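Here's the structure we're looking at; comments come further down.
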Amino acid sequence: MSLSATKCQIKNGGFAVQCDFSVEIGNHLSLFGPSGSGKSSVLLGLAGFLPIINGDLIYDDKSITKIEPKDRPFDLLFQENNLFPHLTVSRNILLGLGAKAKMDLQNSHVVNEILDLVGLYKERDRLPQNISGGQRSRAAIARSLIRKKPILLLDEPFAALDFELKNEILSLLLRVSRKNNLSIILVSHDPRDVKYLGGDVVLFSENGQTDFYKNKSFWSNFSYKLLPNETHDKNTS
Amino acid sequence: MLGGGPSATTVELAIYQTIIFEGDLAAAARLSTLQLILLSLLLILSTKFTGNMFIEQTLILKNDIRAPKTLLTHWLDYFFIVLFVSFIFLPILIIISKGLANISIPTDNLILPAMNSILVALLATFINLTFSLPICLLIVDEKQKFLKTLFEVGSFSIICVSPLVFGTALFLLLFEHIDLSANALLLTGFTNGVLMIPISMAILLPGFKKIKARYGKLMNIIGVPRTSELAQFYVPLLKKNIKFSCALVFALSIGDLGVIVLFSGTDIGTLPMYLYRLIGSYRMDEAYFVAMLLLLMAFISFWLIENGNLNVFKRNQMSD
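First to last, the sequence lines map onto chains A and B. The first sequence begins at 79 in this note's numbering and counts up by one. The second sequence begins at 119 in this note's numbering and counts up by one.
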């Protein structure tokens with residue numbers, strides 16, 4: 079099973095960006111490039127919030143270009159506001175089972191299991207404003223996991239977190255993605271995130287051009303330029 | 119309606135007199151149309167000057183329109199603030215002092231008009247909320263820009279319709295079918311509620327837009343049905359704004375003489391109508407007391423609704 083964008087042109091106001099890629103379910107993909115190059119536009123286009131004016135988006139051999147965001151095989155974590163501030167952590171996660179899902183015995187069991195997995199069981203009755211940024215990110219991930227969508231789109235949701243916390247969350251995501259055969263498509267302008275996630279890369283240029291690279295090919299071409307210290311350390315050790 | 123003679127007559131008053139004293143419904147309809155045209159022209163004119171007709175946008179004070187501070191402008195600021203505060207508070211102080219001075223005067227049948235006023239205000243608040251919440255949702259959910267603007271402009275245009283014009287329309291529509299006098303409170307509450315939609319929308323719509331911008335995509339991707347959006351997300355997140363809107367509509371309605379004069383006979387009346395009759399019969403001492411009572415009812419109800427100490431309200435409001 080795979081997701082492929084075939085010459086997809088996504089329109090955001092007066093700006094259009096074209097991309098071409100394919101990702102097998104279970105593998106990951108990074109949309110990497112400078113700010114303002116159209117990475118988030120592509121992500122919003124995949125999710126169904128921006129129109130795909132040319133090309134086709136294929137999942138499991140079917141076109142999903144025209145279907146509603148909620149019916150696409152994606153869940154999406156935004157840069158901010160991923161949790162509703164009037165709902166407790168557990169109620170926010172319960173939303174993943176449907177807007178009208180009740181906290182009955184069965185659902186409560188499912189929610190508690192996920193809370194345990196992301197290490198938030200003790201915080202289940204707290205409101206989002208009363209937990210830390212890292213915990214909020216984990217709660218949003220928990221809701222995504224409960225939805226059981228095969229692809230998770232991340233629009234730099236951990237940008238506000240410090241490097242260590244970001245790595246901790248990414249490591250949690252990689253762990254659960256391996257367990258649940260989940261694909262992650264990550265938007266980032268930080269090459270360290272791209273390296274940490276692994277997977278193939280769509281490189282965005284400032285002029286709106288995009289190029290698709292397999293993981294090895296990307297790092298053999300850009301490793302020295304993007305992560306000079308790391309490359310230098312490796313060469314000298 | 120409080121006096122002034124023919125030279126002080128307005129179109130509003132002419133409509134009232136045409137229905138009540140002359141019973142000429144065709145003339146009332148003509149005058150109402152005239153009033154509607156005049157107000158629409160004024161609205162268009164104000165749009166021309168302000169650039170838009172939306173109250174929520176005109177409330178935003180931009181830094182660049184502030185004049186540089188000098189000693190003269192500083193004192194001018196103080197002067198105008200004191201002037202406006204006096205303009206608002208002097209009549210209130212006079213009512214309270216005169217009301218307190220006449221507190222011992224026995225006033226007949228005061229409970230019934232007071233209860234009727236509360237009933238009208240409650241009804242107006244309910245009707246207002248029932249209309250303005252779904253309209254706000256419709257505006258923020260609409261994807262087509264043209265329809266979005268049409269809904270927004272259309273709802274705010276209600277401000278062109280004066281209570282007496284709307285009341286006259288209701289009067290003409292219903293007088294052959296229902297007993298207007300028996301349903302006077304219902305019709306007054308309905309009229310007040312509908313005509314205050316632009317006020318409540320000016321309070322609620324910015325909040326709706328903010329929530330849509332922050333959480334619209336999240337609701338969409340989770341698959342929240344449109345029928346659940348209002349109750350599950352917009353209302354709990356906007357409790358503070360909703361309470362303020364309700365408090366304003368309730369307080370304005372409780373003190374409004376409004377269209378009840380068109381529908382009510384001599385037996386059913388509200389407190390403002392009772393006050394109007396007291397002034398009309400020159401029973402000024404009693405009028406002072408009733409005016410004070412009305413003022414207190416408006417203030418207390420506003421405070422109670424806005425500051426209703428329910429835990430759920432405190433917890434669920436959206437922070438800016």
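Every residue gets a Cβ at the ideal spot worked out from N, C-alpha and C, and that includes glycine. From a predicted model like this one, the values you see are computed outputs, not experimental measurements.
Check	Outcome
Quick one, are the C-beta atoms of B:Q440 and B:V283 less than 7 Å apart?	A query on residue 440 of chain B cannot be resolved here, the shown segment of chain B reaching from 119 to 438 and no further.
Compute the beta-carbon to beta-carbon distance between A:L109 and A:K117, rounded to the nearest angstrom, for a pair I have assumed lies under 8 Å.	4 Å
Tell me which same chain residues have a C-beta within less than 7 Å of the C-beta of A:R150, skipping the five on either side of it?	A125, G126, I142
Here's a check: name, in chain order, each residue in its chain whose Cβ is nearer than 6 Å to the Cβ of A:T288, leaving out the five neighbours to either side.	C97, V280, F282
So, are the CB atoms of B:A219 and B:L389 less than 7 Å apart?	no
Report the three-state DSSP secondary structure of A:A83 (helix, strand or coil).	strand
Beta-carbon of B:P354 versus every beta-carbon of chain A: anything under 7 Å?	yes
Around the C-beta of B:S164, are 16 or more other C-beta atoms found within 10 angstroms, so that it is buried, or is it exposed?	exposed
Using DSSP's beta-bridge definition, name the partner residues of A:V95.	A:I88
How should B:E347 be labelled, buried or exposed, when 16 other C-beta atoms within 10 angstroms of its C-beta is the threshold for buried?	buried
Put B:L241 into one of helix, strand or coil per three-state DSSP.	helix
On the criterion of 16 or more Cβ atoms from any shown chain inside 10 Å, does B:M314 qualify as buried, or is it exposed?	buried
Please list, in chain order, the chain B residues whose beta carbon lies closer than 9 Å to that of A:D139.	The contacting residues do not exist; A:D139 stays about 23 Å from chain B at best.
State the start and end residues of the unbroken beta strand (DSSP E) segment that holds A:F316.	The requested residue 316 of chain A does not occur in the structure, where chain A is confined to residues 79 to 315.
Would you say the stretch 190-208 of chain B touches the stretch 335-350 of chain B, given that touching needs at least three Cβ pairs under 8 Å?	no
Does the beta carbon of B:V258 come closer than 7 Å to any beta carbon on chain A?	no
In angstroms, rounded to a whole number, what distance separates the CA positions of B:M319 and B:T243?	13 Å
Does the distance from the C-beta atom of A:A237 to that of A:G211 stay below 7 Å?	no
Cα separation between B:A132 and A:L122?	58 Å
Taking Cβ to Cβ, would you say B:F381 is nearer than 7 Å to B:L292?	no
On the criterion of 16 or more Cβ atoms from any shown chain inside 10 Å, does B:Y400 qualify as buried, or is it exposed?	exposed
Alpha carbon to alpha carbon, how far is A:I131 from B:D259?	22 Å
Bridge partners for A:D233 per DSSP, in chain order?	A:V265
Using three-state DSSP, classify A:I145 as helix, strand or coil.	coil
Determine, using beta carbons only, whether B:I360 comes closer than 7 Å to chain A.	no
Is B:T176 close to chain A, meaning its C-beta is less than 7 Å from at least one C-beta of that chain?	At B:T176, the pLDDT of 45 sits below 50, so the modelled position is not reliable; the number obtained from the coordinates is stated separately. Not an interface residue.
What residues in the stretch 144-164 of chain A bring their beta carbon closer than 9 Å to a beta carbon of chain B?	E146, P147, K148, D149, R150, F152, D153, L154, F156, E158, N159, N160, L161, F162, P163, H164
Does DSSP put B:E294 in a helix, a strand or coil?	coil
So which residues of chain B does A:L173 contact, with C-beta pairs closer than 7 Å?	I340
CB-CB under 6 Å to B:D438, same chain, minus the five flanking residues each way: which ones, in chain order?	Interpretation of B:D438 is limited by its pLDDT of 40, a score under 50 that renders its predicted location unreliable; no figure is taken from the coordinates.
Residues in its own chain within less than 6 Å of B:L413 by CB, not counting five upstream and five downstream?	I213
I need the boundaries of the beta strand (DSSP E) containing B:T191, first residue and last residue.	Not the beta strand (DSSP E): B:T191 falls in the alpha helix (DSSP H), residues 189-219.
Identify whether A:D139 lies in helix, strand or coil by the three-state DSSP scheme.	coil
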